[in-house]
Amino acid sequence: MPCCRRGCGCCRRRRGAAGKAPLEPESTQQFITAAEAVGEKTPLPYSASLPLPPAPQPRRRCAWLTRRTLFWTFFMALGLAAIGVSAWGMASSLQETDDTVSRFWTIVRDAQSRVHYTALALQDMKGEAEALQQASTVLSDNQQVVENTLVAVGVPANLSSDVAQVVAQIPDYIAEAPKALDSVVGFLVDTVNSTITDLEDKFEPPTMAIENKWRFIPIAVLFGLMILVVGAVLPFVYWAKKYPRTATALVALLWLCTALLMLLGTGLLRGLYTVSSDGCLYAETFVINLARRKTANKSWGDEFVSMLEFYTGQNVQVNVSRLQALVSNEELLSPLAAYFPDDSEVSVAQIYDVVSKLVDVAGKLTSVVTNPQVQKTVEEVATAAGLNSNVVVEALGRTGMAVTELQQAVQNLTDIADRKNVEPLYHEVKQYICCNLHGTSYDLWVAWTVVGCLGLVLAALSSGRLMRTAWHRRKAAKAGQAPPAGAAILWHEHHHSSEESTGLSGSKASEQGFAAAPQQQSMAAGGRSGSSPSPRIEALHPAGSMAESPPAGLPGAYARV
């Protein structure tokens, strides 16, 4: 039968297109089987009208380079990176916090020791000033005894006269010195040293307990849990179809660990890093303002603030004009003016003035006690003056010893108060704030934030994978619950209704089902009243095909293919 003008009615091929595959091979089948309706692939019978299977194509290179392979490669690499960085973060956190607290308390104890040594030097100076005052009181009214004694021990006459005048003026000259020194010692011990001691007693035990024991718990638990969770998330997310609930629980735990790391990393540690940066720049201003608030109602508040300003490198203008006449030592002059209030610094300057005048003859005065010849001379002079020679000898010896001890006390105070000797403590404090604390907080912030970022990306990918798996499972469940489409619906409905209504079985029920199917199929193809058959049904059932008689050997109208 020749083909039509536009195309063949049986195989839908264009004229002159012999040998080519039909445009729609499935259109040559007039009916859909039940297996095809539910999606099962059944082998088609060989037909000359069907095209030959395509020739095998050569396998392309890099067949493994697919989106699925790239995703899982990146996912596993990211998980391993998170595990490695977590281990590094744990080790770095433990190492960086190993001596942070203990070093701080070492600096505090160093500052406390300097205050303690200053108080001891002042106490020694006070004691020796009192001894000098008592000894000079005996000699103040007997300048001739002192002068003759000094001449007897080899001191020139003019110098002996000057020393005798100085000794005579000592009781009134340094009368206020012991009291002034006692007030300085009381301020250092009761205010400065006691404040440092209270801080140590209150905060050192708990902070050292954190460094020695408690710091290991949050660091090891959080990073260790992160390592374990990431190690469990990798396989369970890969097999999420088999273990959906376990994978979901692990991903939720991963989100929790990531949130804690980001909270501590970007919150607490970042704040500590910012505070340490500001402290490095404005530590001096902060300390001075804090000291000014703490000592606002103290009698020595202004002096203490001035002392801090002097030792922190501030340009403190101290009034040294009234001291220059008493103190010739430039190393002691400025610290003395900044270290003590007006009355105390004058008293200390007066002591220094006495010491500087008597230091050259102090050894001569001390030798009176041990030199029998000098004692004989003193005895003669004392007897002529109506004094007890033993009292005079003892007073001269104590005066010489007091001057020697005062010289040592003044030298100790000079060393302690010198800015050059205080600078190491100042530099140690600055180094702790700017290097140790600042560097530690930065390293901790980097470690915790990097681990948190890796965990965040891994948790996001895991959540996306779980949502995609859940979507596919839901889609498959909906497809499995949907009724079969096409003529298979008619087949199932008529087949079951025939068996239930007539009670037939076997070939008779099948024959009746096959016989009734064309009528149902034609009704389905026709659709609703007034509507044309669908293209799918029209393609499967060409016009007039139902009217033809089926070939022998096939039941009913379904025998025609």
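With my numbering as the guide, the letters of the sequence shown map in order to residues 2 to 562. Note that CB positions come from ideal geometry on N, CA and C, so glycine has one too.
{"Item": "Considering only the alpha carbon of each residue, which of Gln376, Ser442 and Ser357 lies closest to valine 411?", "Value": "Ser357"}
{"Item": "Can you look up lysine 431 in the DSSP assignment and give me helix, strand or coil?", "Value": "helix"}
{"Item": "Leaving aside the five residues before and after aspartate 111 along the sequence, list all residues of the same chain whose C-beta is less than 8 angstroms from its C-beta, in chain order.", "Value": "Leu426 and Glu429"}
{"Item": "With distances taken between CB atoms, is the gap from valine 452 to leucine 262 smaller than 8 angstroms?", "Value": "yes"}
{"Item": "Hey, out of Lys180, Leu445, Trp106 and Ala253, whose CA is closest to phenylalanine 204's CA?", "Value": "Trp106"}
{"Item": "So, alanine 130 versus proline 179, is the Cβ gap smaller than 8 angstroms?", "Value": "yes"}
{"Item": "Please classify histidine 473: is it buried, with 16 or more other beta-carbons within 10 angstroms of its beta-carbon, or exposed?", "Value": "exposed"}
{"Item": "Output needed for alanine 248: all residues of its chain with C-beta closer than 7 angstroms, excluding positions within five of it in sequence on either side, in chain order.", "Value": "Phe237, Val238, Ala241 and Leu467"}
{"Item": "Whole angstroms is fine: what's the gap from lysine 243's alpha carbon to glycine 481's?", "Value": "19 angstroms"}
{"Item": "Which same chain residues end up closer than 6 angstroms to glycine 302 when comparing Cβ atoms and leaving out the 5 residues on each side of it in sequence?", "Value": "Thr296"}
{"Item": "Would you call the segment 88-99 and the segment 220-230 in contact, with 3 or more CB pairs under 8 angstroms?", "Value": "yes"}
{"Item": "Ignore the nearest five residues each way along the sequence and tell me which others in leucine 388's own chain have a CB closer than 8 angstroms to its CB.", "Value": "Asn143 and Val146"}
{"Item": "Given 8 angstroms as the limit, is there contact between the segment 194-201 and the segment 69-80, that is, 3 or more CB pairs closer than that?", "Value": "no"}
{"Item": "I'd like the span of the alpha helix (DSSP H) that includes arginine 216, first residue to last.", "Value": "Unbroken run through arginine 216: none, as it is neither H nor E."}
{"Item": "Count the CB pairs spanning the segment 401-420 and the segment 121-135 that are closer than 8 angstroms, and state whether there are at least three.", "Value": "yes"}
{"Item": "Determine contact between the segment 373-391 and the segment 110-124, defined as no fewer than three beta-carbon pairs at a distance below 8 angstroms.", "Value": "no"}
{"Item": "Using DSSP with H/G/I as helix, E/B as strand and the rest coil, what is glycine 554?", "Value": "Unreliable placement is indicated for glycine 554, whose pLDDT of 47 sits below 50; the coordinate value is still reported in the next sentence. Here glycine 554 sits in coil by DSSP."}
{"Item": "Between aspartate 125 and the ligand NAP, is there a pair consisting of the residue's CB and a ligand heavy atom that are separated by less than 7 angstroms?", "Value": "Questions concerning the ligand NAP fall outside what the structure shown contains, since it holds no ligand whatsoever."}
{"Item": "Looking at the unbroken alpha helix (DSSP H) that takes in leucine 388, where does it start and where does it end?", "Value": "Per DSSP, leucine 388 belongs to no alpha helix (DSSP H) and is neither H nor E."}
{"Item": "So lysine 127 packs on aspartate 191, CB below 8 angstroms; how close in whole Å?", "Value": "At roughly 15 angstroms, the Cβ-Cβ gap does not stay under 8 angstroms, so lysine 127 and aspartate 191 are not in contact."}
{"Item": "Which value, in whole angstroms, describes the spacing of the CA atoms of valine 39 and arginine 246?", "Value": "Model confidence at valine 39 stands at a pLDDT of 49, short of 50, so the residue's coordinates are unreliable and nothing is read from them."}
{"Item": "Rounded to the nearest angstrom, how far is the Cβ of glutamate 212 from that of serine 114, given a contact under 8 angstroms?", "Value": "At roughly 22 angstroms, the Cβ-Cβ gap does not stay under 8 angstroms, so glutamate 212 and serine 114 are not in contact."}
{"Item": "I'd like to check one pair, leucine 397 with valine 360: are the Cβ atoms closer than 8 angstroms?", "Value": "no"}
{"Item": "Looking only at its own chain, which residues have a Cβ that is under 7 angstroms from the Cβ of isoleucine 417, when we skip the five neighbours before and after it?", "Value": "Arg115, Tyr118, Thr119 and Ala122"}
{"Item": "Ends of the alpha helix (DSSP H) at isoleucine 289?", "Value": "271-295"}
{"Item": "Between the alpha carbons of asparagine 298 and isoleucine 84, how many angstroms are there, rounded?", "Value": "57 angstroms"}
{"Item": "First and last residue of the alpha helix (DSSP H) that includes leucine 66?", "Value": "Segment: none, leucine 66 is in no alpha helix (DSSP H) and carries neither H nor E."}
{"Item": "Less than 8 angstroms between the C-beta atoms of tryptophan 449 and glycine 266, yes or no?", "Value": "yes"}
{"Item": "Just the C-alpha distance for valine 394 and glutamine 376, rounded to the nearest angstrom, thanks.", "Value": "7 angstroms"}
{"Item": "Tell me which residue opens and which closes the alpha helix (DSSP H) that alanine 363 is part of.", "Value": "363-367"}
{"Item": "Assign glutamine 351 to one of three DSSP states: helix, strand, or coil.", "Value": "helix"}
{"Item": "Going by Cα to Cα distance, which pick from Leu160, Leu189, Val276 and Asp99 is closest to lysine 365?", "Value": "Leu160"}
{"Item": "Within its chain, find whatever has a CB closer than 8 angstroms to the CB of leucine 151; leave out the 5 residues flanking it on each side and keep chain order.", "Value": "Leu160, Ser161, Val164, Ala165, Val362, Lys365 and Leu366"}
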